[in-house]
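Taking it in order: structure first as C-alpha cells, then the write-up.
Protein chains: 8
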Amino acid sequence: EIATVDLDRAERCGFPEVIFGTGKSAETVIEIAGRLLAHDQHVLATRIEAEKAKQVLERLSDARYNPVARTIRIDANPRGPEVGHVAVITAGTSDLPVAEEARETLAWMGVRATMVHDVGVAGPHRLPERLAEFRDTDAIVVVAGMEGALPSVVGGYVPCPVFAVPTSVGYGANLGGLSALLAMLNSCASNVAVVNIDAGFKAGYLAGLVATRRGTV
Amino acid sequence: EIATVDLDRAERCGFPEVIFGTGKSAETVIEIAGRLLAHDQHVLATRIEAEKAKQVLERLSDARYNPVARTIRIDANPRGPEVGHVAVITAGTSDLPVAEEARETLAWMGVRATMVHDVGVAGPHRLPERLAEFRDTDAIVVVAGMEGALPSVVGGYVPCPVFAVPTSVGYGANLGGLSALLAMLNSCASNVAVVNIDAGFKAGYLAGLVATRRGTV
Amino acid sequence: EIATVDLDRAERCGFPEVIFGTGKSAETVIEIAGRLLAHDQHVLATRIEAEKAKQVLERLSDARYNPVARTIRIDANPRGPEVGHVAVITAGTSDLPVAEEARETLAWMGVRATMVHDVGVAGPHRLPERLAEFRDTDAIVVVAGMEGALPSVVGGYVPCPVFAVPTSVGYGANLGGLSALLAMLNSCASNVAVVNIDAGFKAGYLAGLVATRRGTV
Amino acid sequence: EIATVDLDRAERCGFPEVIFGTGKSAETVIEIAGRLLAHDQHVLATRIEAEKAKQVLERLSDARYNPVARTIRIDANPRGPEVGHVAVITAGTSDLPVAEEARETLAWMGVRATMVHDVGVAGPHRLPERLAEFRDTDAIVVVAGMEGALPSVVGGYVPCPVFAVPTSVGYGANLGGLSALLAMLNSCASNVAVVNIDAGFKAGYLAGLVATRRGTV
Amino acid sequence: EIATVDLDRAERCGFPEVIFGTGKSAETVIEIAGRLLAHDQHVLATRIEAEKAKQVLERLSDARYNPVARTIRIDANPRGPEVGHVAVITAGTSDLPVAEEARETLAWMGVRATMVHDVGVAGPHRLPERLAEFRDTDAIVVVAGMEGALPSVVGGYVPCPVFAVPTSVGYGANLGGLSALLAMLNSCASNVAVVNIDAGFKAGYLAGLVATRRGTV
Amino acid sequence: EIATVDLDRAERCGFPEVIFGTGKSAETVIEIAGRLLAHDQHVLATRIEAEKAKQVLERLSDARYNPVARTIRIDANPRGPEVGHVAVITAGTSDLPVAEEARETLAWMGVRATMVHDVGVAGPHRLPERLAEFRDTDAIVVVAGMEGALPSVVGGYVPCPVFAVPTSVGYGANLGGLSALLAMLNSCASNVAVVNIDAGFKAGYLAGLVATRRGTV
Amino acid sequence: EIATVDLDRAERCGFPEVIFGTGKSAETVIEIAGRLLAHDQHVLATRIEAEKAKQVLERLSDARYNPVARTIRIDANPRGPEVGHVAVITAGTSDLPVAEEARETLAWMGVRATMVHDVGVAGPHRLPERLAEFRDTDAIVVVAGMEGALPSVVGGYVPCPVFAVPTSVGYGANLGGLSALLAMLNSCASNVAVVNIDAGFKAGYLAGLVATRRGTV
Amino acid sequence: EIATVDLDRAERCGFPEVIFGTGKSAETVIEIAGRLLAHDQHVLATRIEAEKAKQVLERLSDARYNPVARTIRIDANPRGPEVGHVAVITAGTSDLPVAEEARETLAWMGVRATMVHDVGVAGPHRLPERLAEFRDTDAIVVVAGMEGALPSVVGGYVPCPVFAVPTSVGYGANLGGLSALLAMLNSCASNVAVVNIDAGFKAGYLAGLVATRRGTV
Ligand SMILES: Nc1ncnc2c1ncn2[C@@H]1O[C@H](COP(=O)(O)O)[C@@H](O)[C@H]1O
Ligand SMILES: Nc1ncnc2c1ncn2[C@@H]1O[C@H](COP(=O)(O)O)[C@@H](O)[C@H]1O
Ligand SMILES: Nc1ncnc2c1ncn2[C@@H]1O[C@H](COP(=O)(O)O)[C@@H](O)[C@H]1O
Ligand SMILES: Nc1ncnc2c1ncn2[C@@H]1O[C@H](COP(=O)(O)O)[C@@H](O)[C@H]1O
Ligand SMILES: [Mg+2]
Ligand SMILES: [Mg+2]
Ligand SMILES: [Mg+2]
Ligand SMILES: [Mg+2]
Ligand SMILES: [Mg+2]
Ligand SMILES: [Mg+2]
Ligand SMILES: [Mg+2]
Ligand SMILES: [Mg+2]
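Order-wise, the sequence lines are chains A, W, E, C, Z, B, V and P.
If you number the first sequence the way the working numbering does, the last residue is 217 and the count never jumps.
If you number the second sequence the way the working numbering does, the last residue is 217 and the count never jumps.
If you number the third sequence the way the working numbering does, the last residue is 217 and the count never jumps.
If you number the fourth sequence the way the working numbering does, the last residue is 217 and the count never jumps.
If you number the fifth sequence the way the working numbering does, the last residue is 217 and the count never jumps.
If you number the sixth sequence the way the working numbering does, the last residue is 217 and the count never jumps.
If you number the seventh sequence the way the working numbering does, the last residue is 217 and the count never jumps.
If you number the eighth sequence the way the working numbering does, the last residue is 217 and the count never jumps.
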C-alpha cells in the first residue's frame, strides 16, 4: 500500500486532503479521488498535466479540468452559495496560470473570488484605479514574478492579510522565482505573508481559510 | 526632513505605522512616536536595543520596554478588553525573543495571546499534549529555528492559518535561518504561510489581523 | 583500460564495489558485473535506465531489474536467510523510487526490510499509529522531500540511528532537494545522519552496515 | 611604490580618479589627494571612517568631511555654478547614508541634487505627491533596501534613466542587500539600471554623467 | 480581460510599453500590438520564438522579425532621421543575439547604433584599435559572458555611461550568467551600470534614453 | 515556563536529552541539569562558553568542564566499564575542538574512544600507518575542514559506518564549512554519512549509538 | 564582421587561439579554422557536437574528430617529436570525456601524455600502485567529480603543479560540479591550482605550458 | 599528540610542510618550527597575527616577521642565489597583503620576484606600460578583488602560466571575494589557473614550482 490517505483531515483542518499530482500516475489519482468521494469529500487535484487529466476524466465523469490552472475538481455533493470574498491580483499577464490555481482552490473551498489582472508597478496608476474591487475583501492573493514588488504596494492600501505568491516568470537573475520570493519576504508592508514559488494553491487556501472564518472577535 | 511618517496608515490598513528601530537614533524614535501619539495612535517600536530604549524611556514616561522582545509600546489612550485569540508556539527555548516580539505586537493590536513553549519535534509527544490550548484559536504563530519542522506539524492539527517564523537559532548549515525558512516554504501542510527570518513582529501582525476581523462569511 | 575495478573492496569494507550506472554504457556495466561475478561477489548496479537495463538483461540472464528503483541485482551464489532489521519510511507517495533503491540495497546486503509509506507530518497521527513496525529495528532509513521534517520526528521516537535521505520531490523553493537536505542537517534530533539528495542507495547501505554488525559491546 | 595614480583619467573619462578609502591608511589617502590637487583635480574620497577623516583633515585644511556619507571632498580651485539636475530618492530613513554618498558625488561633479526621503511603497501615496520634484530631472538615483521595490515604481513615472542602489538595510532574508539587488535587476520598468549594494557613489556618478552631457541629439 | 495595456506609458516615460513575449500566445501579442498601433505607438516585442513570430507576421504584414535578436518591430508611422549615437560592443561571437536585441531596441527608439564585435580581453589589443568608433558616443552597451571583464575596460576609456549586459555564454562556474553579472556589479570603473542577464533590451533602452536626451546642462 | 524538558527521552531513545547551551543562561542550564539529575540521568551540555561554565561549576560541584570541547558533563551515578569502540580521526590540528566534543559525547554514553590526529590527505602516508588503531572499531567519526576529503579515504579502508563532520576550518571558498559539507555529502565511499558543520556532538552520538547496540543479527 | 580572430596570439602567448565551439555555426568554425591554417597555425576546436563535426569534416578533410572529447584538430604542417610529459588522472570512469579533452589539447601542443584512469579515493590503494607512471611528470591534470578529493591526494605525492578539473559527474548536492570545484579550491595540498568545471581544455593547456617551458632556473 | 608533522614532504614534494597559523597557539607554531629546523628544513608560517608573531620571535631569534603578509620565515641554513623569475601583479593598492604573502612564499622557495602594483583595468593603459617587467617571467601571480578582471588581461599578453588570486577586497555583491573567484574561473584566457580567495601563499607556491623546474623538454 503506497498511499495513506488522510481521510480525517477535513475533520481536523476544515478541508480535505488535496491531491498533489506530480509523480502520481492517473491510476493513483483516480484511486485517491475515489476514496475521498466515498467519504463525501470534495476533490481538488493540482499539478495535473493535460494528458494525465484526460485519463482521469475518462474514468471520473464529474471531474472538471482547468488546463491553465492544471487542476481537477470533483464535487462530492451539491454546494450552497459562496461565502467570503478574496481578490486575486496579478502583476503581469504571464502570471495567469498561478492565479488560476488560486481561483480553483477558492472555488473548491466555496469562496467568492475577484480577479484583477496585469496591474504591475511599472504602470503604477493601474492598481489604485481598481482599488474598489479589492479594498473590502477578507484576504488578498497577489501573484507576481520578476522583482515581486506588487504585494508590498497592495499591502499598503488594504487592512486585510495579503498572501504573496512569487512566480517563476522572468529570466536571468530571477533565479526561477527566488528573487521575487526574497523580495516578498522582505516586504516593508506589515500584512504580507509569503508562500512557495508558483504555489497558487497554497495562497488560495490560506486566503480561503481567512474568508471562511467568522472569527472569535 | 528625513522621515515621512505615514499617519494615514491606520485609516487605510487598520493599524498605525510601526517604528523599525534599526539605524534610527533615539531622537528620531522619540520624534516619530510623538507624532503618532499626537494623532491618537498607539505606538509600537521594534528592534530597540537596551541602551537606546533607556534614552527613549527617559523622555517618554509612559513607554514600556520589553528587553527580551526588544520592543517599546506606548498607548495613546485607554484600551478596551482584548479581542480574538492567537497562540504563539516555540520549538525551543532559544526561540523566545522572537516569540516575545510577536506577543508584544498582539498586545499592541489588542489581541489575546497564549504562549506554548519548547514543544519541538524531537520530543514529539509534547505538542499533542497541549492541543487544547491552541486548537480553537483564530490564527497561530509558530516560531522555530534549526530544521523548522514545527509549523508543518502544528498545521496538521488545526483549521486556522499558521504563520511560520524561521529563527536564526542553530549553527553551521542553518545558514543564519535560511534552512528553516526554506523548510517552512516547502511545508506539506496547506495552511502554512511564511514571514522573514526572526520576524516575530510580522507573524504577530498577520495573526492579529485575522483575529480582529469579523469576516464577511 | 578505463575501469580499475576495486575487487578487494569486499575484503576491506565488507561488501563489494557497487556499479554507478550514470554515464556508463551497457557494455561497461556488463563487463564490470562479469568481473565481480567471476570473483564470487554479488552485483548491485544503480541508476540504470530501462533501455540500458534491457541490454544488460539480454546478456546476463540472472539479472533482475527493479524499474521503480532503477537497479539491477545479480546473485553470485545462493544466499542464506536474511539478517538484521531495517525500516524504510517515506513522507509521501512520490518518494517511492528513492525508498525502493534503499530496499534493493538492503536485499543485496541480505538484510530484512520493512516499508512504511506516506506518513508525512501534515497528517501527524499516521506515524505513531505504525510505531510498532519500526521501534525495534537496528536502523531506520527515512525518505522525505519538501520540508524534510519526517526524520526528526522519527528520530524522536526511536533509540537507533536514523539515516535521512532528502528527495528532490517538490517545486520552487525546494531547490531540487537542497531545502530538505538543509533541514535534515539541522535536525534537533540527536540520532539523525544525512546522505546526498535522492541517495537511497547510501542510506540503505549505511543502515545495512549497522544491521549486519554484531558490535563489540 | 604601491599606488599608480591614474592622473590621465579626467582626460579620458571626464572626471578624475576617486579615492576608495577602504584598506588605505590616512597617509596613503593624503598622498594621493596631494597628487590629484597638484594636477588641479577636485578630490573625492569615499568610505573614510571618522577616525581616519580626522587625521586627513589635520593635514589638508580645505578638506570637508560628511560623517553620514563618510566622504571627504577637496576642491582644487573655485567652482562655477551647478549644472544639470538629479533627484536622489530613498525608500526609508535608514537608507540615508547611501543617499548622502550619492549627493556628495554629485556635488563633486558640480551637479544640482534634489533629495526626496522616506517615500517607500508601503505608504504608496507618498511618492506621487512629490512627483513635481523629480519628474523633469536628467536622471534619478533611487536608494532602497528590504524588497527594493521603489526603483520600479519611480521608473514607471519618469522618462529619464533610473540608477537603482540596493542597500543592506533589513535583516534575515535580505541577505545583506542581495534580495534588493536581485529585485532591482528584475525590474519590469525598462529604464532601471543597477549598481552594487550600498554603492551610492556609483549611482551618483552615473546620474551625474548623464546630467552633465549635452548629448548629440 | 487578462491584459491591462499601459497606453499612457509613452506620455509618462517617453516610449511606449514593450511586449514581453515569454508566456504570451501569438494571439495575445497580436492583440496588444494592435492596440498600440491604434494609438499611433511604434511596436517592439521581445523574446519571440521563430514559430510564434511566423504566426504574428501572417497577421501583421508590416512586422519585421529579427531571428537572431528574436524581436518583432512594427512602425506606427514613418520615422524621421536617427538621433544620438550608441555603441554596442561584444566580448565574443556567441554574445551576438543579446547585442542584436539591444540594436533592435535602439532602432525602435530611433537611435543610431555602431556595432563592435568580438573584442574580449584575452586579445587585449583588439579593443583600443577600435577606440575611434566608440569614444564619442552618448552611451555604450557592453555585452559579455564568461568573466564579464569587458565593461570595466571599456569604462576605463570613455567619458559616457556604460550599460553592461552579462550573458549566459560559458559553462560550469559561469552559473548561467551570474558570474559575469557579479563581476560587472563589482566593476572598478565608476561609469558602469548593470542590467539583468541577457537583457539586451534593457541596456539598449537605457543607452537610448541617454542618447535621446538633450539634457538640462 | 519556558522549558519543557523531555524527561522521557532516555526511555524512548536510549539516552537523555542533551542541553544545547547556545542562548541559554547559566541559570537555565543549571535548572535543566538539576531536573535531569533528579531523574537519575547523566548530564551533557554542549556549546558552553568558559564564562558561563564557571557559573555552572560554582553551583554544581560535580560538573566537569572541557574548555576545548566547550562541554560540561555531570554523572548522575557511578558508571560501569566502557563498552564498544569508536575512533575519532582529524584531518588537521585545528579540527581538535570538534573532535573533543565528539569524545566527550562518547564518554557521556560510556563508549571507549581512540583519537587519531592530523592525518589529512596532503600527507597521504599518515593515515594507512595508523590503520591498526581504527580498522576494527564499531564506527568512526572523521572530522575535517577545508576540502573535507578525509572521510572518503577512511571509508575506503573500513567495514563500519563513518560519520563525517565538516568543520568551519579554512578561509575564503571554504564558505564557513559548506565546502567540506558538500564534499562529504558527495563522497564516493558508500559508508559515509554526514552531520552538520562543527557538529562533533551529533557524530559522536551516532557513532556511540552504533557502538552500544548488540544488533539483531 | 562578427569574429575578430586573434591571429597574433601564437606570437604573444606561445599557442594560437582555440575555437570555442558552443554557439558557433559549422560555417563559422570552418571560416576561423581556415584563417588560422592560412597563417600556419595548428587548429584546435572544443565543444563540437557530433552533427556539427560532421559538417566541418566534410569541408576540411584533414580534420580529426574525437567524439568522446568532442574536439577537432587540424595540423597546419608536419610536427616534430613530442616534448615534455604530463599525466592525466581520473577519479572515475565517468570523468573520461573531460580527460580526453585535456589529452587532445596536449596533443595539439605537442606534449606527451600518460593516462591513469579510475583511481579515486574510495579504493585508496589504487593510486599509490601507479605512482611510477606520474611521479616524474612536468605537471599533472587531475579530473574528478563528486567530492573532488583526488587532486589533494595526488598533490601529496608529487613535486610538480597539479591542475585540478572538477567535473559535473554526480547528482544532488554535487550542484553540477560546484561541490567538487569548492573542494579543490580548498585543497590542503600546496600545489593544486583549479580551473572551471569540466574545463579539460584549460587544465591540459596549463599543464602543457609548464611542460613546454625550459624555465630560467 | 595533536600534530603529525609531515617531515617527509620536502622529499616527496620538493618543499617542506608550511605552517598554517590559524587556530594554532604560539606554542604549537614554535614546536612545529623547531622540528622542521631540526631536520634542516626552511620554515614558512602563514596567517600569523602580530601578537602571536611577537611570542614566536621572542623564542626563535632568527625568525623574521612580515606584518603586511602576516608571515614568519626562518632559514634552516644559508641560501644560495635566487633562481627563476616570477612577477606578482596587483589590481589595486588594497590587494597588497595578499601579494606580500605570495612574495614571502617565493623568497622562502628561493625564487626571484618582481612586484607590479595597482595596474587594474579601470586605468587600462597602466598594464601595457609595464609589460617589459613581466613578459619573460616563468610564471605570474595576479592578485585582484572586485570584478577580478586583471588575470584575463595579463593572460592575454604572456606565454606563461598565470596563477590568479581573488581577494576579498570590495563590498556588497563582491560576496567576500566569491565574485572575483567566479570571474577568474570563467576567464576566456587559456592560461589562467585559480586558487582560493586571499590565497597568496598558494599562488606563490605554484608559480615558484614552475620557476624552479628545469622541465623535461
Ligand atoms: N500544489 C500544491 N502545492 C503544495 N502542496 C500541495 C499542493 N497540492 C497538494 N498539496 C499538499 O500535498 C500533500 C499531499 O502530498 P502526497 O502525500 O505526496 O500526495 C497534501 O497534504 C496537500 O495538502
Ligand atoms: N526583454 C525584456 N526584458 C525585460 N523587460 C521587458 C522585456 N520586454 C518587455 N519588457 C517589459 O515588460 C513589461 C510588460 O510585462 P507584461 O505585462 O508581462 O507583458 C513592460 O513594462 C516592458 O517594458
Ligand atoms: N551541539 C548540539 N548540536 C545539535 N543538537 C544539539 C546539540 N546539543 C544539544 N542538542 C539537541 O538540542 C535539543 C535541545 O534543544 P533546546 O530545546 O533548544 O534546548 C536536544 O534535543 C538535544 O539533543
Ligand atoms: N573549452 C574551452 N573552455 C574555455 N575557453 C575556451 C575553450 N575553447 C576555447 N576557449 C577560449 O575561448 C576564446 C574564444 O572565445 P570566442 O571569441 O567566443 O570564440 C579563446 O580565447 C580560447 O582560448
Ligand atoms: Mg502587462
Ligand atoms: Mg528544549
Ligand atoms: Mg500522501
Ligand atoms: Mg519611514
Ligand atoms: Mg573570438
Ligand atoms: Mg597538520
Ligand atoms: Mg570506478
Ligand atoms: Mg589604484
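A virtual CB, placed ideally from N, CA and C, is assigned to each residue, including glycine.
These figures come from a predicted structure and were not determined experimentally.
Listed by chain order, chain P residues near residue i by CB distance under 8 Å
{"i": "C:ALA3", "result": "THR93, HIS117, ASP118"}
{"i": "Z:SER168", "result": "What Z:SER168 touches in chain P: nothing, since even the nearest Cβ is about 12 Å away."}
Contacts of residue i in chain A (Cβ-Cβ under 8 Å)
{"i": "C:MET184", "result": "GLU147"}
Proximity below 9 Å, CB of residue i to CB of residue j
{"i": "P:VAL153", "j": "Z:ALA149", "result": "yes"}
{"i": "B:ILE140", "j": "B:ILE89", "result": "yes"}
{"i": "Z:PRO16", "j": "Z:HIS42", "result": "yes"}
{"i": "V:ALA211", "j": "V:MET115", "result": "no"}
{"i": "V:LEU181", "j": "V:ASN191", "result": "no"}
{"i": "P:GLY177", "j": "P:SER187", "result": "no"}
{"i": "A:PRO161", "j": "A:LEU127", "result": "no"}
{"i": "E:GLY92", "j": "E:ALA144", "result": "yes"}
{"i": "E:ALA122", "j": "W:GLY156", "result": "yes"}
Which of helix, strand or coil DSSP assigns to residue i
{"i": "Z:ASN191", "result": "coil"}
{"i": "A:ALA107", "result": "helix"}
{"i": "E:ASN174", "result": "helix"}
C-alpha gap between residue i and residue j, whole angstroms
{"i": "V:ALA102", "j": "Z:VAL119", "result": "26 Å"}
{"i": "C:VAL86", "j": "A:GLY172", "result": "30 Å"}
{"i": "Z:ARG64", "j": "Z:THR46", "result": "12 Å"}
{"i": "E:LEU175", "j": "E:PRO166", "result": "11 Å"}
{"i": "Z:GLY204", "j": "Z:LEU106", "result": "6 Å"}
{"i": "B:MET184", "j": "E:LEU37", "result": "30 Å"}
{"i": "B:ILE72", "j": "B:ALA26", "result": "12 Å"}
{"i": "P:ARG79", "j": "P:GLU104", "result": "15 Å"}
{"i": "A:PHE163", "j": "B:CYS13", "result": "40 Å"}
Contact list for residue i against chain W, beta-carbon separation under 7 Å
{"i": "E:SER179", "result": "LEU182, ALA183, ASN186"}
Partner residues on chain V for residue i, Cβ-Cβ distance less than 8 Å
{"i": "B:LEU175", "result": "LEU182"}
Proximal residues of chain E, C-beta to C-beta of residue i below 8 Å
{"i": "B:ARG12", "result": "GLY156, TYR157, VAL158, PRO159"}
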